[in-house]
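Enquirer: Residue numbers (numbering that gives the first Met the number 0): 0 to 164.
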Amino acid sequence: MMARNNGLDTPRETRRSLRANYDPEAFGRLSEKFARFLGTARFLVYMTVFVLSWVIWNALAPRDLRFDDYPFIFLTLILSLQASYAAPLILLAQNRQADRDRISLNEDRAQNARSIADTEYLTRELASLRIALGDVATRDYLRNELGDLAKEIVEELRKPESDTK
Numbered sequence: 000m001m002a003r004n005n006g007l008d009t010p011r012e013t014r015r016s017l018r019a020n021y022d023p024e025a026f027g028r029l030s031e032k033f034a035r036f037l038g039t040a041r042f043l044v045y046m047t048v049f050v051l052s053w054v055i056w057n058a059l060a061p062r063d064l065r066f067d068d069y070p071f072i073f074l075t076l077i078l079s080l081q082a083s084y085a086a087p088l089i090l091l092a093q094n095r096q097a098d099r100d101r102i103s104l105n106e107d108r109a110q111n112a113r114s115i116a117d118t119e120y121l122t123r124e125l126a127s128l129r130i131a132l133g134d135v136a137t138r139d140y141l142r143n144e145l146g147d148l149a150k151e152i153v154e155e156l157r158k159p160e161s162d163t164k
């Protein structure tokens, strides 16, 4: 008989479960679509038409065709049921949006930190180039120095030979 290996490097055997299996991402996307629809004017128009139709039918239709007499308890039950499902779905959609916002904010912070580091590096490089250029002779400086040297040579050459002895 073989001993059962319970090591962490061995996957467990899949077990059958009575719990429903669902994809949280698919459910989250569905909740976001539902929450997005609930926040539109189209939903408000549809809901208003539905409620008005319900109230008008159950108030003005012949008595034997009415299915929810005043105070419209069945309508209240349907609206409460809709609200009891809408609220958690909206909260789920908000949580998913908050998670996306948090990730985006962290990425933006990292990008800003990289940009600041790059800017500081370029600033230091620019400062070192300015310092290095301060030590380099410019064209105007060389021109002036050569001009002064040429003047001195010309003056030396113009002096009589007696002055040089």
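C-beta: ideal position from N, C-alpha, C; glycine also.
Roughly how far, in whole angstroms, is the beta-carbon of I89 from the beta-carbon of L37, given that I think they are within contact range, below 8 Å?
Expert: 7 Å
Enquirer: Whole angstroms are fine: how far does the CA of L156 sit from the CA of N143?
Expert: 20 Å
Enquirer: What is the DSSP secondary structure of F49, reduced to helix, strand or coil?
Expert: helix
Enquirer: Go through its chain and collect everything with a Cβ distance to R123's Cβ below 7 Å, but skip five positions before and after it.
Expert: none
Enquirer: In the DSSP assignment, find the unbroken alpha helix (DSSP H) run with A149 in it and report its ends.
Expert: R138 to R157
Enquirer: Are the beta-carbon atoms of S30 and A92 separated by less than 8 Å?
Expert: Taking 8 Å as the cut-off, the Cβ atoms of S30 and A92 count as close.
Enquirer: Give the range of the alpha helix (DSSP H) segment to which A116 is assigned.
Expert: I72 to D134
Enquirer: Using C-beta distances below 8 Å, list every residue in its chain close to D67, excluding the 5 sequence neighbours before and after it, in chain order.
Expert: W53, N57, F73 and L74
Enquirer: One question on the structure: do G27 and R99 come within less than 8 Å of each other, judged by their Cβ atoms?
Expert: no
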